[in-house]
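There are 2 protein chains.
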Amino acid sequence: MTVVAADAAVSQVDAAAAAASTRPRCSTEDMLQLLQDYDCWVFDLDGTIWRGNEVIEGVLEALELLRKLGKKVLFMTNNSMKSRGSYLDKCLQVGLPAHVDDIYCSSYSAAAYLDSIGFDRSKKAYVVGERGIMQELAAVGIESFGGPDDNEKRASFSSEMLHDTQVGAVVCGVDPNLSYYKVQYASMCLLLNPGCLFIATNTDARGHFTPNLEWAGAGATVGAIKGVVERDPIVTGKPSPFLMQDIAAKHNVQPAKSIMVGDRLDTDILWGLNTGMATLLVMTGVTDEQLLVAQRGSSNGVKPHFVMDSFGDLRRVAQQALQQQK
Amino acid sequence: MTVVAADAAVSQVDAAAAAASTRPRCSTEDMLQLLQDYDCWVFDLDGTIWRGNEVIEGVLEALELLRKLGKKVLFMTNNSMKSRGSYLDKCLQVGLPAHVDDIYCSSYSAAAYLDSIGFDRSKKAYVVGERGIMQELAAVGIESFGGPDDNEKRASFSSEMLHDTQVGAVVCGVDPNLSYYKVQYASMCLLLNPGCLFIATNTDARGHFTPNLEWAGAGATVGAIKGVVERDPIVTGKPSPFLMQDIAAKHNVQPAKSIMVGDRLDTDILWGLNTGMATLLVMTGVTDEQLLVAQRGSSNGVKPHFVMDSFGDLRRVAQQALQQQK
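So the sequence lines, in the order shown, correspond to chains A and B.
Plus 243 on top of the position in the first sequence (first one is 1) and you've got the working numbering.
Plus 243 on top of the position in the second sequence (first one is 1) and you've got the working numbering.
Written as structure tokens, this is what we have:
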């Protein structure tokens, strides 16, 4: 839950990092090579493109230059609070042109997964999370309830609780109104309804939902339910490779010509590694130098192919590449 | 979250269990032997002595007979909602005579643990759980806050959150008002306060806080926080052997002459095994035949020394032993 102050933090630890790191930051030559090697660029949003509502300096220009170079630019966020439509709105608001098909969010991933396995439409989904999950479920014809509609409900040991026996899946994501009631209701569905699926949009421990503070992520929701039902969920967002098929089919993308850019080792970079893409870690989000060095030194650590302080740093070389192309 | 209907459930599976079990239920001879071999009897409460507010048939008489035989009778519950004083009140209400020193609850275990390591009294504890934890902390001179006082607080991404940098321990137990706010506050203390301890009264997945339904236990609280801070808590209640020292010192008890009686394999029986006691599983709580058979068949399963359908079954042989003694 480090307060992000990337410039200051990085400069303080530069000396130690340079000694301990097995790979330094991308050089200008590295960046030019990346622009040559990869046609499809998949970006995480929070901590990579923006922090809360503030776009990270230089990132919009770097993305614009990528597009001028003819690159496919996609966005993939584990934040399950919104639907793809809402993310599109946010992209447009911050001055980042996009199409809804360019956006992959974990609320969509949960709906796409249930759709892909032919989820019985006579069953319902119980949602512990935000409206975005319910919107994406509705878009594939799956009835859901719970979510923000259950925010005010409270469990009481003085009255018994009933649950809907037609719930065939519990879908959970980050929920700023997580409550004992919701955990209990979800657990009853999972423990008492035969075959009820436990779906996690993601298991991120923390997220930068506001610029200066890390907040409890979907890891809180998943952890609470898992602590009761004693089984692991099916994860549909990063680092699960599930969405790669969808991306490959829609955008005619080859993993070998693609690069994942993100701020989290355990989701963004792991997802890229799991799907056969190149990976580029940026230090503008949750990963600090200490964590990066620790992972690099660990035999089972998640090791990104490339590291940059900020994706905004690319704007200089992208400009250069563009001029060379002319 | 099986609805407990012990008599019916056991009779239905008797045939299968007899074939699959490596050890059948205690015979009359076994019970008489137990009465001869063990001087100290430690009992779980929920699911062993009572379910919710209903005492299990025959158990009070069996306990009375044990005491007439000169046995030491202690109670140990992982339910952290109440203090020892409150449990004493409940025991007396249901007609079970006891002294506060005979009662061990996990709220006490957390306070006793912090006391045992010399917790700095200039620091505070943040509690995610019920008032009982705060009462036991106060009894050893540790200032705490949170608990039920935070039930109505809500986190909001539209305003930043502050936390008390003087929190030196987060103590969590079952919390029927678990909320995102509490999880976030606890996580901030654990992630931002250097050396802040993560204490779990227990990690029980579920508990029979009402007679006919299983409810989310401390596992929900611990799981939610663990899902954010990505580290394991120090567990002070069952199955942690921590309280055995306290019991041995106060009651002059030897593990080899003691037997743990409980309904949970992963807490009661494991605690008994961890502390070198004999163990007696009763089938009046969360363990069903299927789970028992699965554990017995597993190489790393938790295997009780003895099994009885209900501790109330002992009343017949205890009566017999008492008559022989005269």
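Using N, Cα and C, we set each Cβ at its ideal position, and we do this for glycine too.
Since the structure is predicted, the reported quantities are computational estimates derived from the model, not experimental observations.
Could you tell me the alpha carbon to alpha carbon distance between residue i and residue j, rounded to whole angstroms?
{"i": "A:Thr245", "j": "A:Gly301", "result": "The pLDDT assigned to A:Thr245 is 36, lower than 50, so where the model puts this residue is not dependable; a value taken from the coordinates is nonetheless given after this. So the alpha carbons of these two residues sit roughly 22 Å apart."}
{"i": "B:Phe485", "j": "B:Asp418", "result": "22 Å"}
{"i": "A:Gln409", "j": "A:Val370", "result": "14 Å"}
{"i": "B:Phe388", "j": "A:Phe286", "result": "42 Å"}
{"i": "B:Gln276", "j": "A:Val471", "result": "37 Å"}
{"i": "B:Val560", "j": "B:Leu308", "result": "9 Å"}
{"i": "A:Ile442", "j": "A:Phe452", "result": "22 Å"}
{"i": "B:Gly450", "j": "B:Leu380", "result": "23 Å"}
{"i": "B:Asp511", "j": "B:Thr479", "result": "13 Å"}
{"i": "A:Cys432", "j": "B:Ser399", "result": "28 Å"}
{"i": "A:Gly544", "j": "A:Arg558", "result": "30 Å"}
{"i": "A:Asp407", "j": "B:Gly328", "result": "39 Å"}
{"i": "B:Val229", "j": "B:Ser483", "result": "Outside the shown range of chain B, which is 244 to 569, sits residue 229 of chain B, and nothing can be said about it."}
{"i": "A:Gly411", "j": "A:Ala429", "result": "11 Å"}
{"i": "A:Ser541", "j": "A:Asp509", "result": "14 Å"}
{"i": "A:Leu278", "j": "A:Cys415", "result": "37 Å"}
{"i": "B:Glu532", "j": "B:Phe549", "result": "14 Å"}
{"i": "B:Lys425", "j": "B:Glu272", "result": "52 Å"}
{"i": "A:Thr522", "j": "A:Asp280", "result": "12 Å"}
{"i": "A:Leu565", "j": "A:Ile502", "result": "19 Å"}
{"i": "A:Pro437", "j": "A:Asn394", "result": "26 Å"}
{"i": "B:Pro267", "j": "B:Leu288", "result": "24 Å"}
{"i": "B:Leu331", "j": "B:Leu317", "result": "12 Å"}
{"i": "B:Lys311", "j": "B:Pro454", "result": "29 Å"}
{"i": "A:Met274", "j": "A:Ser352", "result": "31 Å"}
{"i": "B:Leu335", "j": "B:Leu303", "result": "11 Å"}
{"i": "A:Ile477", "j": "A:Cys269", "result": "35 Å"}
{"i": "B:Met551", "j": "B:Gly290", "result": "13 Å"}
{"i": "A:Lys546", "j": "A:Glu403", "result": "49 Å"}
{"i": "A:Leu421", "j": "B:Asn420", "result": "10 Å"}
{"i": "B:Lys315", "j": "A:Leu405", "result": "41 Å"}
{"i": "B:Arg397", "j": "B:Ala305", "result": "48 Å"}
{"i": "A:His342", "j": "A:Gly466", "result": "34 Å"}
Applying a beta-carbon distance threshold of less than 9 Å, which residues of chain B neighbour residue i?
{"i": "A:Asp418", "result": "Tyr423"}
Show which residues of chain A have a CB atom less than 8 Å away from the CB atom of residue i.
{"i": "B:Ala448", "result": "Gly470, Val471, Val472, Glu473"}
{"i": "B:Glu373", "result": "Those do not exist, as B:Glu373 stays about 11 Å from chain A at its closest Cβ, beyond 8 Å."}
Would you please verify whether the beta carbon of residue i is less than 9 Å from any beta carbon of chain B?
{"i": "A:Ser483", "result": "no"}
{"i": "A:Leu434", "result": "yes"}
{"i": "A:Phe318", "result": "no"}
{"i": "A:Ser399", "result": "yes"}
{"i": "A:Thr265", "result": "Residue placement at A:Thr265 is flagged as unreliable, the pLDDT there being 48, under the threshold of 50; a coordinate-derived value is accordingly withheld."}
Leaving out the 5 sequence neighbours to the left and right, which residues in its chain are closer than 7 Å to residue i when beta-carbon positions are compared?
{"i": "B:Ile385", "result": "Ala354, Leu357, Phe362, Arg364, Ala368"}
{"i": "B:Thr265", "result": "Here the model assigns B:Thr265 a pLDDT of 48, short of 50, so the residue's position is not dependable, and the following value carries that caveat. These residues qualify, in order along the chain: Arg539."}
{"i": "A:Gly573", "result": "Residue 573 of chain A lies beyond the residue range present for chain A, which begins at 244 and ends at 569; the question has no answer from this structure."}
{"i": "A:Lys493", "result": "Asp344"}
{"i": "B:Asp257", "result": "Model confidence at B:Asp257 stands at a pLDDT of 46, short of 50, so the residue's coordinates are unreliable and nothing is read from them."}
{"i": "A:Gln562", "result": "Leu308"}
Which residues in the same chain as residue i place their Cβ atom closer than 6 Å to its Cβ, once the five residues preceding and following it in sequence are excluded?
{"i": "B:Lys569", "result": "none"}
{"i": "B:Val337", "result": "Val298"}
{"i": "A:Gly505", "result": "Asp287, Thr291, Asp511"}
Identify, in the order they occur along the chain, each residue of the same chain with its Cβ nearer than 8 Å to the Cβ of residue i, setting aside the five sequence neighbours on each side.
{"i": "B:Asp475", "result": "Phe441, Lys469"}
{"i": "A:Glu473", "result": "none"}
Step through the CB atoms of chain A and report whether any lies within less than 9 Å of the CB of residue i.
{"i": "B:Thr653", "result": "Within the shown structure, residues of chain B are numbered from 244 to 569, placing residue 653 of chain B beyond reach of any answer."}
{"i": "B:Ala248", "result": "In this predicted model, B:Ala248 has a pLDDT of only 36, less than 50, meaning its place in the structure is not dependable enough to derive any value."}
{"i": "B:Val426", "result": "yes"}
{"i": "B:Ser430", "result": "yes"}
Listing by chain order, which chain A residues have their CB less than 7 Å from the CB of residue i?
{"i": "B:Leu456", "result": "Glu403, Met404"}
{"i": "B:Val465", "result": "Gly470"}
{"i": "B:Gly462", "result": "Gly470, Val471"}
May I ask you to check if the CB of residue i is nearer than 8 Å to at least one heavy atom of the ligand SAH?
{"i": "B:Ser501", "result": "Of ligands this structure carries none, so the ligand SAH is not represented either."}
I want to verify the contact list: residues of chain B whose CB lies under 7 Å from the CB of residue i, in sequence order.
{"i": "A:Ser350", "result": "The contacting residues do not exist; A:Ser350 stays about 17 Å from chain B at best."}
{"i": "A:Ala459", "result": "Tyr423, Val426, Gln427, Ser430, Val471"}
Which residues in chain B have a C-beta closer than 8 Å to the C-beta of residue i? List them in chain order.
{"i": "A:Ser323", "result": "Near A:Ser323 there are no residues of chain B at all, since even the closest Cβ is about 14 Å away, more than 8 Å."}
{"i": "A:Ala354", "result": "Those within 8 Å of A:Ala354 in chain B number zero; the least Cβ separation is about 23 Å."}
Can a CB atom of chain C be found closer than 9 Å to the CB of residue i?
{"i": "A:Ile299", "result": "Any reference to chain C falls outside this structure, whose protein chains are A and B."}
* Asked: Are three or more beta carbon pairs between the stretch 280-296 of chain A and the stretch 520-531 of chain A nearer than 8 Å?
  -> yes
* Count the CB pairs spanning the stretch 530-543 of chain B and the stretch 311-327 of chain B that are closer than 8 Å, and state whether there are at least three. => no
* Determine contact between the stretch 513-524 of chain B and the stretch 481-498 of chain B, defined as no fewer than three beta-carbon pairs at a distance below 8 Å. => yes
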